[in-house]
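Undergrad: My structure is below; once you've seen it, I'll send some questions.
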Amino acid sequence: MIIRPETADDYAAIADVHAHAFGRAAEAIFVDLHRHRSAFDPELSLVAEVDGDVIGHALFSPRTIRLMDADVHAVSLGPIAVLTAYQRQGLGGALIAEGHRVAAAKGCTVCYLVGHSTYYPRFGYRTHAYGTATVTVPTAELPESDLEATPVTYEDIPALRDLWRAHDGAVDFAIDPGTSLMDWISPHPAIRSLAFREGDSIIGYVRRREDRPTDPACFLARDAGSARAVAGALARETTAAALTLPIHPRTLSAVPFGPARVEPFAAAMAIELAPSPLGEYFARIDAGTRPHGRVIRPVEFDL
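Numbering of the sequence shown is given in our numbering, commencing with residue 7 and proceeding in unit increments.
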């Protein structure tokens, strides 16, 4: 068995491995969507090969995340799959170890994932590394808002990245969305990516399902007043009593909306590949002096 980076000739075989292992096409599509990212690195998309056949695959995706108020070069692991006939032979572990080695050589210091909480700790991953964070906002308490949303354009990206850094830059495990248009618009036809404007300035960004206006997947705002105005615009589209916004206690929007709740979960895991702020982050969590971080999943996960 050899482990090597993928090539274009492997695409169909990789898709078949994931379809076979998971019994669905979602993971294969997910891998293909990652190939369209500007930060995609084929040397971190690893295949396990036996006698010329691809029998396993692991995708490590380069990301910039925030940890302890610093930018950290990281990779996310997933999906990973091995054909049934070759499972329980250590191939998954071999793919993980090689991915760690290559990522570290490229300067990545942290790897994180969502996966089986009894499997990945064997390789050094810590469970409950981060979680989800929400705040419930009664719609009756929101101002009437005349803000209108428009589709995100390529020209909006610099302003949106500035907005993200101002809003979520203090949140541990916040993922830099990226610099291309495909990093900001969803591949899911039912999910809209919207910019809210005040004059020539973008003051908010929301990614949400058309049929679920009360719980957007991503919510960014320029300041406290903008956050309330954007939330008011969302409230206009529903008769529900409250919105559920993905806001962390350390986000800008935590101030106008009151206390946000963080819920870490066992499947959210991370490991240090090289010296990084991750150790201090865990120490602060254990001491109760810093809340768990929160991940907003990138658009590729919308499928």
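Think of the CB as a built atom: it goes at the ideal place given N, C-alpha and C, for glycine as much as any other residue.
Can you tell me which of Ala248, Gly231 and Ala201 puts its alpha carbon nearest to the alpha carbon of Leu219?
TA: Checking the displayed sequence, the identity of residue 219 turns out to be Pro instead of Leu. Checked all of Ala248, Gly231 and Ala201; the closest Cα to Pro219 is Ala248.
Undergrad: Measuring straight from C-alpha to C-alpha, what distance separates Ala19 and Arg303?
TA: 26 Å
Undergrad: Cα-Cα, which of Leu119, Thr142, Val305 and Arg290 is closest to His254?
TA: Thr142
Undergrad: Could you pull out every residue in the same chain whose Cβ sits closer than 6 Å to the Cβ of Ser151, ignoring the five residues on either side in sequence?
TA: Excluding positions up to five away in sequence, the list reads Ala235, Gly238 and Ala239.
Undergrad: Thinking C-beta only, is Ser51 closer than 8 Å to Pro85?
TA: Pro85 is not a Cβ neighbour of Ser51, given a cutoff of 8 Å.
Undergrad: Need the endpoints of the beta strand (DSSP E) that Glu33 sits in, please.
TA: Run containing Glu33: none in the beta strand (DSSP E); it sits in the alpha helix (DSSP H), Ala32 to His40.
Undergrad: Can you tell me whether DSSP reads Glu278 as helix, strand or coil?
TA: strand
Undergrad: Would you check if the distance between the CB atom of Ile9 and the CB atom of Ala109 is smaller than 8 Å?
TA: Going by C-beta atoms, Ile9 is not nearer than 8 Å to Ala109.
Undergrad: Use the C-beta contact count for His122: other C-beta atoms within 10 angstroms, 16 or more gives buried, fewer gives exposed.
TA: exposed
Undergrad: What span of residues does the alpha helix (DSSP H) with Val243 cover, start to end?
TA: Val is not the amino acid found at residue 243; the sequence shown has Glu there. From DSSP, Glu243 is part of no alpha helix (DSSP H); its letter is neither H nor E.
Undergrad: Looking only at its own chain, which residues have a Cβ that is under 7 Å from the Cβ of Arg242, when we skip the five neighbours before and after it?
TA: Ser151
Undergrad: Could you check how far apart the C-beta atoms of Thr70 and Ala280 are, in whole angstroms? I think they sit under 8 Å.
TA: No, Thr70 and Ala280 are not in contact; Cβ-Cβ is about 15 Å, not under 8 Å.
Undergrad: Taking C-alpha atoms, which residue in Ser44, Trp190 and Ala272 lies nearest to Tyr125?
TA: Out of Ser44, Trp190 and Ala272, Ala272 has the C-alpha closest to the C-alpha of Tyr125.
Undergrad: If I follow the unbroken alpha helix (DSSP H) through Leu284, where does it start and stop?
TA: That run of the alpha helix (DSSP H) goes Leu284 to Ala293.
Undergrad: Near Pro262, what residues of its chain come up, given a Cβ to Cβ distance below 6 Å and the 5 sequence neighbours on each side ignored?
TA: Ala230, Ala233 and Arg234
Undergrad: Considering only the alpha carbon of each residue, which of Met188, Ala139 and Thr156 lies closest to Val177?
TA: Ala139
Undergrad: With DSSP run on the structure shown, which of helix, strand or coil describes His173?
TA: helix
Undergrad: Which word fits Pro283, buried or exposed, when buried means at least 16 other C-beta atoms lie within 10 angstroms of its C-beta?
TA: Answer is buried; the Cβ neighbour count reaches 16.
Undergrad: Taking the alpha carbon of Tyr131 as the reference point, which residue from His194, Ile291 and Met275 has its own alpha carbon closest?
TA: The shortest Cα separation from Tyr131 among His194, Ile291 and Met275 belongs to Met275.
Undergrad: Taking Pro297 as the reference, which of Ala266, Leu309, Val305 and His26 has the closest Cα?
TA: Ala266
Undergrad: Does DSSP classify Pro144 as helix, strand or coil?
TA: strand
Undergrad: Quick check for students: name the residue ranges of the beta strand (DSSP E) that lie wholly in the region 90 to 146, counting only runs of 3 or more.
TA: The qualifying runs are 116 to 120 and 136 to 144.
Undergrad: Excluding the 5 residues flanking Ile163 on each side, which residues of the same chain have their C-beta closer than 7 Å to its C-beta?
TA: Thr185, Leu187 and Trp190
Undergrad: Judging by CA-CA distance, which residue of Asp57, Ala54, His63 and Asp15 is the nearest neighbour of Phe36?
TA: Residue His63 is the option with its Cα nearest to Phe36.
Undergrad: Out of Glu204, Thr133, Glu216 and Arg203, which has the shortest C-alpha to C-alpha gap to His194?
TA: Glu216
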